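Have a look at the structure below before the remarks.
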Amino acid sequence: MQLIQSTKLSNVCYEIRGPVLEEAMRLEAAGHRILKLNTGNPAAFGFDCPPEILEDVLRNVGSAHGYGDAKGLLSARRAVMMHYQTLGVETDVEHVYIGNGVSELIVMAMQALLDDGDEVLVPAPDYPLWTAAVSLSGGTAVHYRCDEQSDWMPDLADVERKVTDRTKAIVIINPNNPTGAVYSDDVVRGLADIARRHNLLVCSDEIYDKILYDGATHTPTATLAPDLLTLTFNGMSKAYRVAGYRTGWMVISGPRAHAASYIEGLTILANMRLCANMPAQHGVVAALTGRQSINDLVLPGGRLVEQRDTAYELLTQIPGVTCVKPKGALYLFPRLDPKVFKIKDDRQMVLDLLRAEKIMVVQGTGFNWPEPDHFRIVTLPQASDLADAVTRIGRFLDGYSQP
Ligand code: PLP
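Residue numbers for the sequence shown, in the numbering used here: 8 to 410.
Written as structure tokens, this is what we have:
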């Protein structure tokens, strides 16, 4: 008898590590060198762990081999709480949950919330774990459109149109993956107004809040809408470059009395997985209270700026390719003009690119973008490597069309 996967997975997709990666690994095993531009993993491109974080983790690792508190190490949760209180978010240590990365907390937040058929508003394009987590939890992700013509800002009228009596939450990803958009306070207030009018839980994924370019500023959603129950997600993977430590946090703020049952559900799920990686949690205090070395990387002349600029300039020189210049995060999400490129299946397009040029990017539909006319590339490699990669992408795209 065949062992068949659960129907719970029927609509669950995560193309960032999907079949294209399998093909990339097959090519690697056959001896090819593949430049993998699919994941936002700073360590893979030579970014080091800030020394003060490493020092605290190493100092404590010898005594961090036991299970800890399910919500997280108290010192780590206190540091998260104080960080958010300083930013103006009203919360307390009992409402901070540490997880094995933001990823685990996203899944927990959706599992605790959704019954079959409940809906969650999720941006398109999105970081696809959000859509996947909603589906896995029995819900339906209803995508609201972000508008490329308006620097990828959420289309508020579209958000409003998509609310139904099954809608339970709205997801905001700001700064955005994959577009690099950083929302103005007015846009966030507009999203919050919709949440307020329809009693929606606000889930604000702010993992790129410190990766900002060209003087862009980021305001936590929770400070713009303190009257709304808000879950703020953030962690160590990006700004602190330790994605492998699997450490993220979720902060609950706003009026909590009416959400006691939901919060209890979150605690049950936290208890069930016992605790998050303990050694890595010892790095949280140093991360949040120490020198923010990420700032050196995003200021003018910083490595991340230089890389974004190189990739952006070369990509937009390719005939038929346009791109909104990202104001934050670690990606570009260029558009392939359908008048120039005949692409029906964008996963096939990235497979063709992989086989021809040994470069792996992720197709736009992998981010729940509805048309096969975008792809995402990470801007983490050194500028010279990015320049080489983009030149090869241009060579591949020249005359590319599918039968
Ligand atoms: N949220 C967004 C928007 C991301 O881009 C990522 C990772 O790329 C995550 C969450 C997951 O991060 P973590 O490593 O903390 O699980």
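Glycine is no exception: its CB is placed at the ideal position from the N, C-alpha and C atoms. Computed from a predicted model, the values in this text were never measured in an experiment.
Excluding five sequence positions before and after Val292, the CB atoms of its chain that fall closer than 6 angstroms to its own CB belong to Ser82 and Ala86, given in chain order. Using a 10 angstroms sphere on the CB of Ile214, the tally of other CB atoms reaches 16 or more, which defines it as buried.
By the Cβ rule, the region 256 to 274 does not count as touching the region 313 to 322, because fewer than three pairs are nearer than 8 angstroms. Under the DSSP assignment, Tyr190 falls outside any beta strand (DSSP E); it carries neither an H nor an E label.
Contact annotation, Leu163 with Ile201: C-beta distance approximately 7 angstroms; criterion of less than 8 angstroms satisfied.
For Gln156, the three-state secondary structure derived from DSSP is helix. In this structure the region 242 to 261 lies against the region 107 to 121, because at least three pairs of beta carbons, one per stretch, are closer than 8 angstroms. With contacts defined as CB atoms closer than 9 angstroms, Ala199 and Leu235 qualify as a contacting pair. Under the three-state reduction of DSSP output, Ser110 falls in the helix class.
Shown here, Leu34 sits in a helix according to DSSP, grouped into three states. If you draw a straight line from the Cα of Asn45 to the Cα of Phe340, it comes to about 12 angstroms.
Counted as a single uninterrupted DSSP element, the beta strand (DSSP E) harbouring Ala176 occupies residues Thr174 to Ile180. Comparing alpha carbon positions, the residue from Ala246, Pro262, Val189 and Gly251 closest to Pro227 is Val189. Looking at Gly73, Gly308 and Glu313, the one whose alpha-carbon comes closest to that of Leu387 is Glu313. Secondary structure of Arg248 (DSSP, three-state): coil. In this structure, DSSP gives Phe54 a state outside helix and strand, which the three-state scheme calls coil. The Cβ atoms of Pro185 and Pro132 lie closer than 9 angstroms to each other. For the 9 angstroms CB-CB criterion, Val27 and Leu361 form a contact.
Annotation for Gly335: no alpha helix (DSSP H) segment contains it, and DSSP assigns it neither H nor E. Runs of alpha helix (DSSP H) with 4 or more residues, each lying fully within the region 313 to 380, are found at 353 to 364, listed in chain order. Close CB contacts of Leu219 within its chain, under the 8 angstroms cut and outside five residues either way in sequence, are with Pro182, Val189, His225, Val305, Lys334 and Gly335 (chain order). As computed with DSSP, Thr147 is found in a beta bridge with Glu126. Relative to ligand 1, Arg253 has its C-beta within less than 8 angstroms of a heavy atom. The bridge partners DSSP lists for Val103 are Val258.
Distance from the CA atom of Glu101 to the CA atom of Pro377, rounded to whole angstroms, is 40 angstroms. Scanning Asp76, Gly47 and Leu136 for the CA closest to the CA of Gly373 turns up Leu136.
Separation of the CB atoms of Pro286 and Ala71 is rounded to 4 angstroms, and the pair is thereby assigned contact status at 8 angstroms. Annotated three-state conformation of Leu10 is coil, per DSSP. Of the residues assessed, Val114 falls on the buried side of the cut-off, its CB having 16 or more other CB atoms within 10 angstroms. Going by beta carbons, Asp380 and Gly371 fall inside the 9 angstroms limit. The closest heavy atom of ligand 1 lies less than 8 angstroms from the beta carbon of Asp212. Under the three-state reduction of DSSP, Lys169 is assigned to coil, being neither helix nor strand. Checking the DSSP bridge columns, you'll see Asp212 partnered with Ile180 and Phe240. Within the same chain, Cβ atoms closer than 6 angstroms to the Cβ of Tyr91 are found at Thr98 and Val258, the five residues on either side in sequence being excluded.
Taking the Cα positions, Leu10 is about 21 angstroms away from Gly145.
Between Ala119 and Leu343 a beta carbon distance of about 39 angstroms is seen, past the 8 angstroms cut, so the two are scored as non-contacting.
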